[in-house]
Structures are given as C-alpha cells and as structure tokens.
Amino acid sequence: DGGITQSPKYLFRKEGQNVTLSCEQNLNHDAMYWYRQDPGQGLRLIYYSQIVNDFQKGDIAEGYSVSREKKESFPLTVTSAQKNPTAFYLCASETSGSYNEQFFGPGTRLTVL
Amino acid sequence: GNSVTQMEGPVTLSEEAFLTINCTYTATGYPSLFWYVQYPGEGLQLLLKATKADDKGSNKGFEATYRKETTSFHLEKGSVQVSDSAVYFCALSVGESNYQLIWGAGTKLIIKP
Numbered sequence: 069d070g071g072i073t074q075s076p077k078y079l080f081r082k083e084g085q086n087v088t089l090s091c092e093q094n095l096n097h098d099a100m101y102w103y104r105q106d107p108g109q110g111l112r113l114i115y116y117s118q119i120v121n122d123f124q125k126g127d128i129a130e131g132y133s134v135s136r137e138k139k140e141s142f143p144l145t146v147t148s149a150q151k152n153p154t155a156f157y158l159c160a161s162e163t164s165g166s167y168n169e170q171f172f173g174p175g176t177r178l179t180v181l
Numbered sequence: 020g021n022s023v024t025q026m027e028g029p030v031t032l033s034e035e036a037f038l039t040i041n042c043t044y045t046a047t048g049y050p051s052l053f054w055y056v057q058y059p060g061e062g063l064q065l066l067l068k069a070t071k072a073d074d075k076g077s078n079k080g081f082e083a084t085y086r087k088e089t090t091s092f093h094l095e096k097g098s099v100q101v102s103d104s105a106v107y108f109c110a111l112s113v114g115e116s117n118y119q120l121i122w123g124a125g126t127k128l129i130i131k132p
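In order, the protein sequence lines correspond to chains A and B.
Last residue of the first sequence: number 181 in our numbering, and the count goes up by one each step with no gaps.
Last residue of the second sequence: number 132 in our numbering, and the count goes up by one each step with no gaps.
Here it is, written out as structure tokens:
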C-alpha cells in the first residue's frame, strides 16, 4: 500500500543534541513538507521541497535543516539551535496538479529532556 | 494576505446532534478549500475539498459548500457519532502552482454518548 511513514513515533533528546526525523513516501509525489504542531495549535510550516535537491524555508525554519537527495525521502534535522523543539512533527507529501491535496504521515512526537 | 479563521473549540455535542464548524477565509485569486481531520495521536487526513465556488465537498456524512459571496466553507454533519471526536482543520490554497496550504488553527470536537 502506498503511503507516508515517519519514524520514530516517539523521540527523546537531551538538550544540545541534534536529532533527525525520518520521512519516507512511496506515493511518487513530487512535493514534501515538514510541519510543526504545538498543543492546541494549528500547523506551522518548517520546510518544503518541490523537487529533488531543492527545498525552501517555511515560516519557522530557524533551528531546523533538511535534505532532499531522493524523491522518496525528506529527513528533518532538529539542531541544538532550536530553542524549544518539544512538539509533534508532521511530514506530508503532494503530487503536482492535485490542488494542494496533501497526504500526511502519522507524526513524530519529540520531547527534549 | 491569505488567511483562514475557524471557530474556537472545543465544541462539545451529544451523539446524534447536528454539527456546524465555521470556517471563513481571506484570499487573493480563486482558492481551493479543504477540511482535514486529525484523530488523537495521528497525522491529518483529508476529509473533503472544493475547488471552485458553489462546489460542495462531502465525505463520511460531512459536507461543506464553497461560498464565495460570504467567503466561507462551513463544515456540517447531520448526526454526529462518538467516533467523530477529533480536531478539524480548515485550509486553503491559491493556485495550482502554489505549493503551500494556509491553515486554520483547528477546532477540537468532543462528542459525548
């Protein structure tokens, strides 16, 4: 079955450590996104990529980095520069010409200890 | 600029009650409109969409009509169930080439048996 997978589901990090969240899709979608969701709030865009080897900053990119070396994969690194990283992170993908219908992974909950 | 405003939650209803969750928008151009649903601890799923004025999106008993004259896309369901308890997000996109969705803050729905 086609879909988007995110791993791990839960992640714990010590302050000062970088951590990488995985996002893989087998939907053959061109565009991929990373969102951050805080309790009781909507989604905020961190980074997005429309094509392999290209990506753009979203509204809250500071303290995060991404890569898009393969169409299927769009990993997100939360760096030590991100001052408040505890949140729920959602990855999504979308095919061109779909009027922005995005498909979401199950999310990763990151907790900084 | 483009924006989406949703009614604040939580919205608490009894089973079999009628549901309305309000969503209004501000947009340049001709947006497509979406409702997504997020069940506890999960990613988002597309619930329904409408791509032009007067279109009605429907799925799983939920409906929403794209009203250009009132810039609204209210979500309705005639008889809610406990399993409908979730957070509902209204979103818009402007133009097929625009890869970003503009999100509302989400409305938490609680259905009591």
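Glycine is no exception: its CB is placed at the ideal position from the N, C-alpha and C atoms.
Please read all numbers here as calculations on a predicted model, not as lab measurements.
Going by C-alpha positions, Gln-100(B) is about 34 Å away from His-97(A). Listed along chain B, no residue sits closer than 7 Å to Glu-137(A) by beta-carbon distance, the nearest being about 19 Å off. A straight line joining the alpha-carbon of Gly-76(B) with that of Leu-67(B) spans about 5 Å. Checking the DSSP bridge columns, you'll see Phe-171(A) partnered with Ser-161(A). The beta carbons of Gly-175(A) and Ala-124(B) sit no closer together than 8 Å. If you draw a 10 Å sphere on the C-beta of Thr-73(A), you find fewer than 16 other C-beta atoms in it, and that means exposed. Ile-130(B) counts as buried, since no fewer than 16 other beta carbons sit within 10 angstroms of its beta carbon. Within the segment 107 to 121 of chain A, contact with chain B at the beta-carbon level (separation under 7 Å) is assigned to Gln-109, Gly-110, Leu-111, Leu-113, Tyr-116 and Gln-118. Neighbourhood of Leu-65(B) in chain A, by CB distance below 9 Å: Glu-169, Gln-170, Phe-171 and Phe-172, in chain order. DSSP places Val-120(A) outside both helix and strand once states are collapsed to three, so it counts as coil. Contact check between the segment 86 to 98 of chain B and the segment 83 to 99 of chain A: fewer than three CB pairs, one atom from each, fall below 8 Å, which does not count as touching.
Looking at the DSSP output, Val-180(A) shares a beta bridge with Arg-81(A).
For Thr-31(B), the CB contacts under 6 Å within the same chain, skipping 5 residues up- and downstream, are Ile-129 in chain order. Using a Cβ-Cβ cut-off of 8 Å, Gly-125(B) counts as an interface residue toward chain A, since at least one Cβ of chain A sits closer than that to its own. The beta carbon of Leu-158(A) sits closer than 8 Å to some beta carbon of chain B.
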